[in-house]
Each structure stands twice: as structure tokens, then as C-alpha cells.
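Below: one structure, written as C-alpha cells.
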Amino acid sequence: MTIRQIRSYRPAMPLPSYDLTGRTALITGAASGIGRASARLLARAGAAVYCADLDEKGLAETAGLIGQEGGTAVPHPLDVTDRAQVTAAVARACQETGRLDVTAAIAGIMHTSSVVDTLDADLERVLAVNFKGVLYTCQESVRAMLAAGTPGSLVTMASGAVDTAAPGLLCYSAAKAATVQMTKTLAAENGPHGIRANVVAPGWIRTPMTSRHDTAVQEQTEAAMVRMSPLRRVGEPEDIAGTVLFLASDASSFMTGQILRPNGGVAMPW
Ligand code: NAD
Numbered sequence: 231m232t233i234r235q236i237r238s239y240r241p242a243m244p245l246p247s248y249d250l251t252g253r254t255a256l257i258t259g260a261a262s263g264i265g266r267a268s269a270r271l272l273a274r275a276g277a278a279v280y281c282a283d284l285d286e287k288g289l290a291e292t293a294g295l296i297g298q299e300g301g302t303a304v305p306h307p308l309d310v311t312d313r314a315q316v317t318a319a320v321a322r323a324c325q326e327t328g329r330l331d332v333t334a335a336i337a338g339i340m341h342t343s344s345v346v347d348t349l350d351a352d353l354e355r356v357l358a359v360n361f362k363g364v365l366y367t368c369q370e371s372v373r374a375m376l377a378a379g380t381p382g383s384l385v386t387m388a389s390g391a392v393d394t395a396a397p398g399l400l401c402y403s404a405a406k407a408a409t410v411q412m413t414k415t416l417a418a419e420n421g422p423h424g425i426r427a428n429v430v431a432p433g434w435i436r437t438p439m440t441s442r443h444d445t446a447v448q449e450q451t452e453a454a455m456v457r458m459s460p461l462r463r464v465g466e467p468e469d470i471a472g473t474v475l476f477l478a479s480d481a482s483s484f485m486t487g488q489i490l491r492p493n494g495g496v497a498m499p500w
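Given below as C-alpha cells:
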């Protein structure tokens with residue numbers, strides 16, 4: 231073989247350990263940002279992706295994009311704070327495909343207020359989506375994976391806010407810290423059944439969640455993040471989708487109960 235032939239050689243399945251062909255994935259928050267990018271990447275890796283979210287229009291757009299890319303997507307509207315709706319979504323994926331291999335619980339909301347000014351209603355709303363919604367999604371997924379005989383991978387979404395004390399982010403960071411602890415506990419309880427559970431703690435990613443400020447605040451915050459990152463940039467949803475695919479796939483087969491931090495090096499905890 232010449233060097234030129236070696237360079238142009240492409241095996242039929244380039245990265246078998248990332249291949250999700252024949253597997254079923256459920257992704258919450260799939261109508262936007264990180265959830266949409268993750269749904270698209272998992273579909274490109276071969277999974278049938280059940281895309282779940284409150285936002286029906288955004289779901290249709292995600293499913294349309296995946297269809298154009300040759301993948302399989304099933305849009306499923308749901309509110310993750312309603313356990314019955316979560317149960318129905320998981321049941322649908324299992325009934326239609328006979329299995330559930332991957333669940334990525336990505337749906338989330340942001341709220342900003344100081345500790346002193348935090349209202350009960352805001353705390354309850356953020357905990358309902360960012361913690362209880364993730365809990366319901368993981369609980370129902372574990373039950374379904376075990377019943378279907380397809381123990382798989384659970385991926386939850388925390389945030390760099392668990393590694394620092396971010397002023398104004400009490401509700402958000404408390405819910406994310408609870409999600410980290412729940413994910414580790416899930417890993418400890420379900421490892422013997424072959425189920426893995428890991429959590430992603432992204433840094434600042436450009437999505438509708440972080441674009442909710444006016445332009446000046448947005449630019450200032452992004453500039454600060456760029457200065458703090460050794461990579462000198464903020465993240466894009468695709469940066470996180472790569473981590474989700476890694477955790478969803480056999481490429482991470484010996485990894486459970488871990489926090490992965492795609493954050494541009496902004497924080498480097500042990
Ligand atoms: P996003 O706003 O683009 O997407 C969040 C999605 O969650 C939306 O489609 C929304 O409709 C959906 N959602 C909200 N409440 C829901 C509910 N009750 N039921 C079902 N779906 C619901 O935000 P994003 O930036 O893509 O965030 C995705 C996840 O990543 C969140 O959990 C967020 O906390 C986390 N995260 C984001 C960043 C960032 O910088 N963008 C950083 C760290 C962590």
C-alpha cells in the first residue's frame with residue numbers, strides 16, 4: 231500500500247465503538263440548543279431518536295433536520311415535570327422499537343436571582359424541570375431498560391455552575407448539583423444491572439438559553455468567558471453533542487458515575 235492509498239483508506243464502519251445502529255435513544259430538550267445538536271449527532275451515529283420537548287414547533291424542526299440528514303427521528307411533545315407524560319414517552323419508544331438503549335435528559339431552564347431574593351415559586355419551578363424532570367426521566371428509563379432487557383446509558387446535563395459559586399444562580403446550580411448526586415447514585419445502584427449513568431457539565435454554550443440577555447450583556451459575558459478559557463472561545467451545542475455521543479456509546483463502556491466537563495478549560499477540578 232502506498233502512503234496515498236493508506237491516507238485515502240476508509241473502513242466501512244470508521245468508528246465502530248461510536249456506532250448506535252439498531253439502538254433507540256430518548257432525548258429530552260431536543261427542540262433546541264444542546265438537545266437538538268445531541269439528537270442530530272446520535273441519529274447520525276445510527277440511533278432511532280425519540281425527540282421529546284415542550285416546544286412542538288422546535289421538535290418538528292429537529293425531526294425535519296434529522297430526516298434530511300438520513301436519520302430516524304420521532305418527535306414526542308412532553309412536559310418533563312409531569313411524570314405521566316414522561317412514562318408515556320418512554321413506553322412509546324419501547325413499544326415501537328422493542329428497546330431503550332440511551333436516555334439523555336437534557337431539558338432545562340435558567341433562572342436568575344440572588345439567594346436573598348429567591349422566591350419559593352422560582353425555586354420550585356427550576357427544581358421541577360432541572361431536577362425532578364431529570365429524575366422522572368431517569369427513573370422511567372431504568373425501569374424500561376430493565377424490562378426490555380436492553381441495559382444502556384443514561385446521560386444527564388449539569389453545568390459548570392456546580393464547580394463554582396455563581397452569583398444569581400442559586401436555583402439553577404442547586405438543581406444541577408442535585409442532578410450530579412442523583413446521577414452518581416443511579417450509577418452505583420444500577421451498574422450491577424449493566425446500566426451506566428454519567429453527567430455532562432458544560433461551560434458557556436451559545437444557545438437560546440444563554441442568548442436571553444440583551445446584546446450588551448451577552449457580549450460582555452461571552453468576552454469574559456473567552457478570556458477565562460485557554461481555548462479562547464465559547465462553546466457551541468455541537469461541542470456538547472460530541473460528549474453526549476461518547477457517553478451514549480460503547481466508546482465509554484467502562485465509564486459510569488462520572489462528570490465530564492466540556493467547558494473550554496474554564497474550570498479544571500480534580
Ligand atoms: P435551550 O433553552 O436551547 O434548550 C432547552 C430545551 O429544554 C428547550 O427546547 C425547552 O423547550 C426544553 N424544556 C424546558 N422546559 C421543559 C419541560 N418542562 N419539559 C420539556 N422540555 C422542556 O438550552 P440549552 O442551552 O440547549 O440547555 C440544554 C441543557 O444544557 C439544560 O439542561 C441546561 O441547563 C444545560 N446547560 C446549558 C449551558 C449553556 O451554556 N447553554 C451550560 C451548561 C448546561
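In this note's numbering, the protein residues as written are 231 to 500. Positions of the beta carbon are idealized from the N, C-alpha and C atoms, including for glycine.
In angstroms with no decimal places, state the Cα-to-Cα distance between Gly-504 and Leu-245.
-> No statement about residue 504 is possible, as the shown extent of the chain runs from 231 to 500 and does not include it.
Measure the C-alpha to C-alpha separation of Val-447 and Thr-292 and round it to an integer number of angstroms.
-> The alpha-carbon separation between Val-447 and Thr-292 amounts to approximately 29 Å.
Reference Thr-342; option with closest CA among Leu-330, Ala-335, Arg-355, Thr-386 = Taking the Cα of Thr-342 as reference, the smallest distance to any Cα among Leu-330, Ala-335, Arg-355, Thr-386 is reached at Arg-355.
Assuming Leu-284 contacts Ala-478 (C-beta within less than 8 Å), just tell me the rounded distance between them.
-> Your pair Leu-284 and Ala-478 does not check out as a contact, with CB atoms roughly 23 Å apart and the cut at 8 Å.
Could you pull out every unbroken alpha helix (DSSP H) segment of at least 4 residues lying fully inside the region 392 to 437, listed in chain order?
-> Counting only runs of 4 or more, we get 400 to 420.
Coil, strand or helix - Ser-371 by DSSP | In the structure shown, Ser-371 sits in a helix (DSSP, three-state: H, G or I).
Determine the direct distance from the alpha carbon of Phe-361 to that of Leu-416, and round the result to whole angstroms.
-> Straight-line Cα distance between these residues: approximately 14 Å.
Could you tell me the distance, in whole angstroms, from the CA atom of Pro-438 to the CA atom of Arg-373?
-> In a straight line, the C-alpha of Pro-438 is about 32 Å away from that of Arg-373.
Per DSSP, what kind of secondary structure is Gly-465 in: helix, strand or coil?
-> Three-state result, Gly-465: strand.
In three-state DSSP terms, what is Ala-351?
-> If DSSP states are grouped into helix, strand and coil, Ala-351 belongs with the helices.
Take the Cβ of His-306 as the centre, count every other Cβ of all protein chains shown within 10 Å, and call the residue buried at 16 or more, exposed below.
-> Buried, since its Cβ has 16 or more Cβ neighbours within 10 Å.
Compute the Euclidean distance between the alpha carbons of Glu-468 and Ala-335, then round it to the nearest angstrom.
-> The straight-line gap separating the alpha-carbon atoms of Glu-468 and Ala-335 is approximately 16 Å.
Measure from the alpha carbon of Asp-347 to the alpha carbon of each residue in Ala-358, Pro-397, Glu-466, then state which is nearest.
-> Closest by alpha carbon: Pro-397.
Looking at Val-385 and ligand 1, is the gap between the Cβ and the nearest heavy atom below 8 Å?
-> Not under cutoff, so the answer is no.
Helix or strand or just coil, what does DSSP make of Asp-283?
-> Here Asp-283 sits in strand by DSSP.
Residue range of the alpha helix (DSSP H) that Met-458 falls in?
-> Unbroken alpha helix (DSSP H) run through Met-458: 445 to 458.
Assess, as a yes-or-no matter, whether the region 287 to 301 is touched by the region 487 to 496 under the definition of 3 or more beta carbon pairs within less than 8 Å.
-> Below 8 Å, too few C-beta pairs join the region 487 to 496 and the region 287 to 301 to call them touching: fewer than three.
Using DSSP with H/G/I as helix, E/B as strand and the rest coil, what is Leu-490?
-> Strand.
How long is the line joining the alpha carbons of Ala-378 and Glu-326, rounded to whole angstroms?
-> C-alpha separation (whole angstroms): 12 Å.
Residue range of the unbroken beta strand (DSSP E) whose run includes Arg-268 | The residue asked about is misnamed: residue 268 is Ser in this sequence, not Arg. Careful: Ser-268 lies outside any beta strand (DSSP E), inside the alpha helix (DSSP H) at 263 to 274.
Length of the line joining the Cα atoms of Gln-369 and Arg-457 = Spanning the two alpha carbons is a distance of roughly 39 Å.
Using DSSP with H/G/I as helix, E/B as strand and the rest coil, what is Ile-470?
-> DSSP places Ile-470 within a helical segment (H, G or I) once states are collapsed to three.
Tell me whether Asp-393 is buried or exposed, calling it buried when 16 or more other Cβ atoms sit within 10 Å of its Cβ.
-> So Asp-393 counts as buried.
Quick one: is the Cβ of Leu-399 within less than 8 Å of any heavy atom of ligand 2?
-> Ligand 2 is not part of the structure shown, which contains ligand 1 as its ligands.
Boundaries (first-last residue) of the alpha helix (DSSP H) holding Ala-335 | That residue, Ala-335, is in no alpha helix (DSSP H); its beta strand (DSSP E) goes 332 to 335.
Along the chain, where does the beta strand (DSSP E) that runs through Thr-254 open and close?
-> 254 to 258 is the span of the beta strand (DSSP E), which, as asked, contains Thr-254.
Taking the CB atoms as reference points, tell me whether Tyr-248 and Ala-481 lie closer together than 9 Å.
-> At a Cβ-Cβ threshold of 9 Å, Tyr-248 and Ala-481 count as neighbours.
So who's on the other strand from Ala-377, going by DSSP bridges?
-> Paired residues: none, contrary to the question.
If we ignore side chains and look at the alpha-carbon of each, how far apart do Ser-389 and Gln-315 end up?
-> One alpha carbon belongs to Ser-389, the other to Gln-315, and they sit about 25 Å apart.
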